[in-house]
Amino acid sequence: MLKSVLKKPVSLLLVCTMLAFLFAGMPRISFAAGGATYYVDSVSGNDSNNGTSSSTPWKTVSKVNAKTFAAGDKILFKAGSVFNGQLYPLGSGAAGSPIVIDMYGTGSKPIINGGGVLGGAVKLYNQSYWEINNLEVTNTAASPALDLVGIKVFGTSTQNHIYIQNCDIHDVNGPSTGTTNFPRNDTKKTGGIDMQGCIINDVLIQNNTIHKVDRTGINAIDKVAEGSCTGVIIRNNTLYDIGGDGIIFLGASNGLVERNVCWNAVARSADANAGIWPYASDNTVFQYNECYNLALGNESNTKDSMAWDFDAECTGTIYQYNYSHNNIGGAVMTCSDNNYDEYAKNGIFRYNISQNDKTRIVRLAGQSVNFSFYNNTFYSNTGNPYVIKVDTYGGIPDKNYFYNNIFYIQNNTQGYDIAAGTNKVFDYNVFYGVHPTGEPTDAHKLTSDPLLVNPGTGGNGLTTVNGYKLQSGSPCINSGMTISNNGGKDYWGTSVPQGSVTDRGACEYTGTLTIPEVPAGLNATAAGTSQINVTWNSSSGASSYDLKVDGVIVTGVTSPYAHTGLSANTAHTYAVRAVNSAGTSAWSSIVSATTQSGSEINLVKNGNFEDAANLNYWTNASTGTATATVVTDSGSKAAKLTATSSDTARIEQVVTGLTANKTYTLTVSVKTDTGIYGYVGVQDFGGTLIEKGGTSSSGYTTYTITFITGTTNTTAKIYLHAWKQQSGSVYFDNVSIK
């Protein structure tokens, strides 16, 4: 189970995190004791000047580089100036008296144009107590090369107090792809900001804009032992058009990465990259960050390409209150690294929102151990990703726990590929929408509509996701699992819990609940000789419903409800009431229905494909070179649909003669070649498209779909479908609607 996560009181880490939030984005101001101030002006300066006043400035970075500066000194570059060559000032400051680089005058930031210099356009080596502020930094070479960096800090001995704030770093053309993928690959140490080679304590990288760089936006702090650096904060940076990774947080303990936004990273690299993630770091908190459109335009790279990543040699990582959307590789990954014995472990992913992330929304990869995913909201209606995908390279994921999450999944057939993982626990989750292959067993599962305010409407920005709040009457309210040491608040900052029980999903509802109204619109309709389908309208404020079936109360039901196992031509009665934590409504009026007395006419024409005209009554909606034919299979005729790697095979029929507001059952027999998937579906009947399918190479499998026509609908479109990107055939037979 969640080990200490579920049992201990709110930790000191949480208190520190909340205090960090209160001061997020505020610049750190250092008050230097003593020291001289030097001025540099590329237009009116002269290196023969003393540089100690704005009227006698130096002219070049060469002059600056020739001096060894002392504690408390300031080096000020004139606004609007352009300086060509590497800035490599010497010396170190002292505690309380850093050396400060900044600008003076009004106008645009002074530009340090490295011109393709290796080792950083701005460089510090074995130096401590430096602050670099308000520079524009570029470093473009004639061709990509290793060690092309905007600002580089490195050394061989411990350094302290390195602050980089309010800089604009762009056009650094390091190589986007290397021979290996792990962070110690030299190509990952090119790009915007790179810190490496030694322990560096008290690091602040804040309020910078980094764009059009390769390969990495921020890489800090590499080539040090796991968790050896302290006091590292990366905050409120904007990163876009990044060839590879956005932010890699390395070699630190108890670090904080917050309020960064990264988009269009993994723009060019063909290697494994992600948005904002740690490596060889312990107890790092990632919060209030946003990642979107990763690998957009570089869709062939799905090696990683997700927003968040619990990577190797990390323990105790927490991702909370983050927002990811439209990332080609997915939302989050746990993983190990085949190059090292260490693996990721003991992480928490809570109160995050994922909208339309692709490929695999959650990826559990390699020997990653003991991760807790709780109170997240995952929404998907495009891209057909795996909802959760287990990969076993380098080991098998173990001890992964999913509690109180909302999986709001639409238009999905990939489903859940989680069989390979060990010791998985799912409890108190919501699985709503379609229910694709492999949906996990969950002892307290909900499949009813979570009643989100307006899902799928999140835009760019952490504050655009109010559509994922809960409405009054959501079944998620006061129905979750209580988790101790849960961070104390939801995505929006609301205290958790409101009352005695935690809600499900990323939102903790704050409204006042009242006893719900009696549900209206109760209706019972025979669906054959042995089934009656019962429907009713949602009642505002209800979290569940009780149904009285022939006088016996069935609790926790949802609409539509299928009363099955009945005898032909028998009458049955029904009443419904609404339930929430405030109480129970009165019972509705009783309705009744009688099962049908005999077999019904099949409304599908040529459903067994025995018509002499083969696909008569069916429309061939296949694309490209995909084919749809009628063949003899197992002694009778069947439709054979063969897709290609790029084209879909599909036939359709509009079924007429239906009765409005009536329940029907679509039945289809399906057989597939080995590893090939076939699907059947019904749409345009006055309700939401319904689809079922899978693979069945050992013989025909019968799929049934029950649907209710709309109040004015007398037709429905059915389809038989073989997806593209698979080489093989699907056989369909015995299609009926009754």
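For reference, each letter of the sequence shown is one residue, going -32 to -1, 1 to 706 in mature numbering (1 follows the signal peptide of the UniProt record, and there is no 0).
Even for Gly, the Cβ is constructed at its ideal location relative to N, Cα and C.
These numbers come from a predicted model, not from an experiment.
C-beta contact flag for T252 and I286 at 9 Å = yes
In whole angstroms, what is the alpha-carbon distance linking S553 and A546?
-> 5 Å
Please look up how many angstroms separate the CB atoms of D209 and K180, rounded, as I've assumed it's under 8 Å.
-> 5 Å
Selection from Y72, F370, G662 and I215 that minimises the alpha carbon distance to H403 = Ranking the options by Cα distance to H403, first place goes to G662.
T591: buried (16+ other C-beta within 10 angstroms of its C-beta) or exposed?
-> By the neighbour-count rule (16 or more Cβ atoms within 10 Å), T591 is not buried but exposed.
Identify every residue that forms a DSSP beta bridge with D15.
-> DSSP lists no partner for D15.
Every unbroken beta strand (DSSP E) within the stretch 592 to 634, with a cutoff of 3 residues, ordered by chain | 595 to 601, 604 to 611 and 617 to 623
Which listed residue (M274, D279 and G284) has its alpha carbon closest to that of N324 = Cα-wise, what sits closest to N324 is M274.
On a CA-only basis, which of G461, I705, Y291 and T177 is nearest V623? Give me that one, please.
-> I705
Sequence-distant residues of the same chain with beta carbon closer than 6 Å to L420, five excluded per side = Answer for L420: Y436, listed in chain order.
Taking the alpha-carbon positions, what's the W691 to Y247 distance?
-> 38 Å
Is DSSP giving L481 helix, strand or coil here?
-> When secondary structure is reduced to three states using DSSP, L481 falls in the coil class, being assigned neither helix nor strand.
Measure the alpha-carbon distance for T158 versus C166 and round it to whole angstroms.
-> 17 Å
By how many angstroms is the C-alpha of D601 removed from the C-alpha of E620?
-> E620 and D601 have their C-alpha atoms spaced approximately 21 Å apart.
Are residue 707 and P528 closer than 9 Å when you measure CB to CB?
-> Only positions -32 to 706 of the chain appear in this structure, which leaves residue 707 out of reach.
If you drop the 5 nearest sequence neighbours on each side, which residues of the same chain put their C-beta closer than 7 Å to that of I132?
-> I100, I119, I161, I173 and N176
Is the number of C-beta pairs between the stretch 352 to 360 and the stretch 383 to 402 that are closer than 8 Å three or more?
-> They touch, by the three-pair rule.
Could you tell me if D471 is buried or exposed, where buried requires 16 or more neighbouring beta carbons within 10 angstroms of its beta carbon?
-> buried
Candidates N428, A510 and V517: closest to P484 by CA position = A510
Could you tell me the distance, in whole angstroms, from the CA atom of L688 to the CA atom of I644?
-> 14 Å
Among G185, V464, P112 and G61, which one has its Cα closest to the Cα of H129?
-> G61
Would you kindly work out how many angstroms separate the C-alpha atoms of N380 and A193, rounded to a whole number?
-> Cα to Cα, N380 sits roughly 43 Å from A193.
Roughly how far, in whole angstroms, is the beta-carbon of S676 from the beta-carbon of K639, given that I think they are within contact range, below 8 Å?
-> Per the sequence shown, residue 676 should be read as Ile rather than Ser. That pair is no contact at about 29 Å.
Can you tell which of T682, S665, Q651 and I673 has its C-alpha closest to the C-alpha of V698?
-> S665
For V469, is the classification buried or exposed, using 16 other Cβ atoms within 10 angstroms of its Cβ as the cut-off for buried?
-> exposed
What do you get for S348, buried or exposed, if any count of 16 or more other CB atoms within 10 angstroms of its CB means buried?
-> buried
Identify every run of the beta strand (DSSP E) within the stretch 407 to 459, keeping only runs that are complete inside it and at least 3 residues long; order them along the chain.
-> For the stretch 407 to 459, not a single whole beta strand (DSSP E) run of length 3 or above is found.
Quick one: give me the first and last residue of the beta strand (DSSP E) that residue 711 is part of.
-> Because the chain here runs from -32 to 706, residue 711 falls outside it and cannot be looked at.
With P246 as the anchor, note down where its beta strand (DSSP E) starts and where it stops.
-> I244 to Y247
Kindly list the residues whose CB is nearer than 7 Å to the CB of D641, restricted to its own chain and excluding five residues on each side of it in sequence; keep chain order.
-> S665, G696 and S697
Put K77 into one of helix, strand or coil per three-state DSSP.
-> Coil.
Buried or exposed: which applies to Y361, given that a residue is buried once 16 or more other Cβ atoms fall within 10 Å of its Cβ?
-> exposed
Could you please give the first and the last residue of the uninterrupted beta strand (DSSP E) stretch that includes K271?
-> No beta strand (DSSP E) holds K271; DSSP gives it neither H nor E.
Report yes if the CB atom of V398 is closer than 9 Å to the CB atom of I374, and no otherwise.
-> yes
Determine the DSSP secondary structure at T670, reduced to helix, strand or coil.
-> Correct three-state label for T670: strand.
Could you check if Q288 is buried or exposed, using at least 16 other CB atoms within 10 Å of its CB as the buried criterion?
-> buried
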